[in-house]
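Okay, so the sequence shown: first residue is 26 according to our numbering, each after it adds one.
Input: a single structure, listed below in structure tokens.
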Amino acid sequence: MILQPEEIERESMRIIRETIGEYSGDPENLPVIMRVIHATADFDFLHTLTFSPGAVSTAREALRNHTPVITDTLMLSSGISKKYGIDIVCRTSDPAVISEAQARNITRAIINIEHAVKDYPNAIYAIGNAPTALIRLCGLIREGRAKPALVVGVPVGFVNVIEAKNMLASISDIPRIIAEGRKGGTTVACAVMNALLYGL
Numbered sequence: 026m027i028l029q030p031e032e033i034e035r036e037s038m039r040i041i042r043e044t045i046g047e048y049s050g051d052p053e054n055l056p057v058i059m060r061v062i063h064a065t066a067d068f069d070f071l072h073t074l075t076f077s078p079g080a081v082s083t084a085r086e087a088l089r090n091h092t093p094v095i096t097d098t099l100m101l102s103s104g105i106s107k108k109y110g111i112d113i114v115c116r117t118s119d120p121a122v123i124s125e126a127q128a129r130n131i132t133r134a135i136i137n138i139e140h141a142v143k144d145y146p147n148a149i150y151a152i153g154n155a156p157t158a159l160i161r162l163c164g165l166i167r168e169g170r171a172k173p174a175l176v177v178g179v180p181v182g183f184v185n186v187i188e189a190k191n192m193l194a195s196i197s198d199i200p201r202i203i204a205e206g207r208k209g210g211t212t213v214a215c216a217v218m219n220a221l222l223y224g225l
């Protein structure tokens, strides 16, 4: 039997919900977790995707007010739904960013974040790939130069990944969604953002 795309998604979500069983966390978080599991087929995220209190409702209110979303990669910005009219910004390929990164011998992801904070200190920041970007953002928050509406901190990998996530977790007054441990990635960040948008 050939299923239509919406039928495949509906059946996938049914299987995910059935597999999760009883969920004791905040009900507003469950659709985000399910969307991440749907994107990754990894049920570990049921336990490792963590939310500061009210992060989902706070993020959706910001999105309703057309708060821009800053991403750490063009791939992530491409994957976030555009039908809600939200500006999605990633400048890693801008000539000025590339030139400055080369001159300072640091990653474009860091420069992208620094430039974004100058223009959008209260934006939503979604970081799925570059722990250096998350570390720099946390530094700018601590310096009082940024106060994001939400930080999605889900970079993947082996170097500075856990440290970056722990740094974000230690900032108590910023709404945040974190994928604890080494797992995460652009796919996870994209799923989180689209789940937030689909719930508007």
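We put the beta carbon where it would ideally sit given N, CA and C, even for glycine.
Quiz item: Taking DSSP as the reference, what is the three-state secondary structure of residue 94?
Solution: Strand, per DSSP.
Quiz item: Among all the DSSP beta bridges, which residues are the ones paired with residue 76?
Solution: DSSP, once it has assigned bridges, lists 202 as partnering residue 76.
Quiz item: Which residue comes first and which comes last in the alpha helix (DSSP H) that contains residue 104?
Solution: 99 to 104
Quiz item: Who are the near neighbours of residue 93 in its chain, counting only those whose CB is closer than 8 Å to its CB and skipping five residues on each side?
Solution: 111, 112, 113, 114, 145, 148 and 149
Practice problem: In angstroms with no decimal places, state the Cα-to-Cα distance between residue 72 and residue 51. | Solution: 13 Å
Practice problem: Just mark residue 44 as buried or exposed, buried being the case when its beta carbon has 16 or more other beta carbons within 10 Å. | Solution: Label assigned to residue 44: exposed.
Practice problem: Could you give the DSSP three-state label for residue 28: helix, strand or coil? | Solution: coil
Quiz item: In chain order, which continuous runs of the alpha helix (DSSP H) of length 4 or greater are located wholly inside the stretch 153 to 181?
Solution: 156 to 167
Quiz item: Exposed or buried, what is residue 67 when buried is set at 16 or more other beta-carbons lying within 10 Å of its beta-carbon?
Solution: exposed
Quiz item: Hey, residue 85 and residue 224 are a contact pair by Cβ (cut 8 Å); roughly how many whole angstroms apart?
Solution: Their Cβ separation, rounded to whole angstroms, is 6 Å, which keeps residue 85 and residue 224 in contact under 8 Å.
Self-check item: beta-carbon residue 154 near the ligand GTP non-hydrogen atom, thresh 6 Å
Solution: The ligand GTP is not part of this structure, which contains no ligands at all.
Quiz item: Is residue 48 helix, strand or coil when you go by DSSP?
Solution: coil
Quiz prompt | Three-state secondary structure assigned by DSSP to residue 66 | solution = DSSP places residue 66 in coil when its eight states are reduced to three.
Quiz item: For the 8 Å Cβ check, are there 3 or more pairs between the stretch 155 to 166 and the stretch 174 to 186?
Solution: yes
Quiz item: What residues in its chain sit with their C-beta under 6 Å from that of residue 104, if we drop five residues either side in the sequence?
Solution: 215
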